[in-house]
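If you're matching positions, the sequence shown starts at 41 in our numbering and goes up one per residue.
Just below is one structure, and these are the notes that go with it.
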Amino acid sequence: MVELRTALVEAGEQLRHNGVVKSARSPVTAPVPSVVPARPDDRVGARDDAPTRDRVAASILENGPSTAAVLAERLSLTPAAVRRHLDNLIEDGLLEAREPQVYGARGRGRPAKAFVLTESGRDTFVQAYDDLAASALRFLSENGGPAAVAEFARRRTAELEERYRDAVQAAPPEDRANALAEALTAEGYAASVQSAPVGDQLCQHHCPVAHVATEFPQLCEAETEVFARLLGRPVQRLATIAHGDGVCTTNVPDPQAATTTVRLSTREDPAATPIGRTPS
41 MVELRTALVE
51 AGEQLRHNGV
61 VKSARSPVTA
71 PVPSVVPARP
81 DDRVGARDDA
91 PTRDRVAASI
101 LENGPSTAAV
111 LAERLSLTPA
121 AVRRHLDNLI
131 EDGLLEAREP
141 QVYGARGRGR
151 PAKAFVLTES
161 GRDTFVQAYD
171 DLAASALRFL
181 SENGGPAAVA
191 EFARRRTAEL
201 EERYRDAVQA
211 APPEDRANAL
221 AEALTAEGYA
231 ASVQSAPVGD
241 QLCQHHCPVA
251 HVATEFPQLC
261 EAETEVFARL
271 LGRPVQRLAT
281 IAHGDGVCTT
291 NVPDPQAATT
301 TVRLSTREDP
311 AATPIGRTPS
């Protein structure tokens, strides 16, 4: 039991590094792959377990789009050191700066740019974490069975549900799919909503755990369950990147159509009259 609990924790830590679906909470503690030669810096209390600039990139991988100020605080580095590492990572094609998305009224001054990994940067860093996460989940599966993996997947997506709940449920039912897409996009899923004949399709153009989910589809299944709870209606996963599709696509039925379907399915069929009963 102790071994299973340890594997559960380790798997969670590795999947945290594997994408941008975590909020900024703690500094990176796991070793990160060395990508480029380390350069001198004026870091404050820096660790010796990895080059500082790799820690900067890994922190963005773990926590999603981050400003220089947030990175400096998160990693206990001086702002000057962080900016120098960011410049070097951008020069190497591993990072890019983006204007942050602003919801509601924009305050005074220009908002600080957020830094995100490019496709090249993600490919460079993700593979090592994918391998570690997959190994941990294999151990969990071998010792605890599929149920243990499913429980881990539910725990992981429960955190996602907690972060998104307020923003999604504050929106009217007909706008909740868009609210969920905005929340997913803010954390790196590049989500959008497309109209469908009887509702919408929630499309995720990036999946931080795609490589691991290929072997462990429980991750996708748990995420779909969370979407249904957040949106307050049944949803259906039509395609996943992990399965080889280009986009993770979830069908979200129109609220009125979903309600009508439920009512029709529970209504007694007039033609289905039990034997011995005379239709009224």
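Quick reminder that beta carbons are idealized off the backbone N, C-alpha and C, glycines included.
Bear in mind the structure is a predicted one, so any value in this text is a computation, not a measurement.
Contact belief for residue i with residue j at Cβ below 8 Å, rounded distance in angstroms
i, j, result
"L242", "V233", "6 Å"
"F165", "L220", "No, F165 and L220 are not in contact; Cβ-Cβ is about 27 Å, not under 8 Å."
"C260", "A282", "6 Å"
"R269", "P295", "No, R269 and P295 are not in contact; Cβ-Cβ is about 15 Å, not under 8 Å."
"L271", "R216", "5 Å"
"V275", "T289", "Not quite, the Cβ-Cβ distance comes to about 11 Å (not below 8 Å), so this is no contact."
"L134", "F256", "Rounded, the Cβ-Cβ distance is 28 Å, inconsistent with contact."
Exposure of residue i, with buried meaning 16 or more beta-carbon neighbours within 10 Å
i, result
"A253", "buried"
"H125", "buried"
"Q258", "buried"
"S116", "exposed"
"G104", "buried"
"Y143", "At Y143, the pLDDT of 43 sits below 50, so the modelled position is not reliable; the number obtained from the coordinates is stated separately. Classification of Y143: exposed, given that the 10 Å Cβ count is below 16."
"D285", "exposed"
"A109", "exposed"
"P119", "exposed"
"A121", "buried"
"S160", "exposed"
"A198", "exposed"
"R138", "exposed"
"R196", "buried"
"G59", "Its pLDDT being 40, under 50, G59 is placed unreliably in this model, and the value from its coordinates should be taken loosely. Buried, because 16 or more other Cβ atoms sit within 10 Å of the Cβ of G59."
"V84", "In this prediction, V84 has a pLDDT of 40, which is less than 50 and means its spatial position is unreliable; nothing more can be read from the coordinates."
Residues that residue i bridges to, as DSSP identifies them
i, result
"F155", "S106, A137"
"S235", "D240"
"Q276", "N291"
Rounded C-alpha distance that separates residue i from residue j
i, j, result
"V287", "A236", "16 Å"
"R277", "V156", "28 Å"
"G239", "A211", "16 Å"
"E222", "G184", "36 Å"
"R162", "D171", "14 Å"
"P151", "S106", "12 Å"
"A97", "P186", "33 Å"
"E102", "G228", "10 Å"
"T92", "Q167", "19 Å"
"H246", "A231", "8 Å"
"A262", "A193", "6 Å"
"I130", "R123", "10 Å"
"D132", "D94", "12 Å"
"E201", "A174", "23 Å"
"T158", "I100", "11 Å"
"L180", "A188", "7 Å"
"Q209", "N291", "18 Å"
"N218", "R203", "16 Å"
"E214", "A154", "30 Å"
"R114", "A250", "27 Å"
"N128", "Y169", "22 Å"
"A112", "P248", "24 Å"
"E136", "A207", "27 Å"
"Q244", "P293", "17 Å"
"A226", "E191", "26 Å"
Output the residue ranges of the beta strand (DSSP E) runs that lie fully inside the stretch 101 to 126 and measure 3 residues or longer, sorted by chain position.
-> For the stretch 101 to 126, not a single whole beta strand (DSSP E) run of length 3 or above is found.
Within the stretch 187 to 272, note down every full beta strand (DSSP E) run reaching 3 residues or more, in order along the chain.
-> Runs of the beta strand (DSSP E) spanning 3 or more residues and lying entirely within the stretch 187 to 272 occur at 231 to 236, 239 to 244, in chain order.
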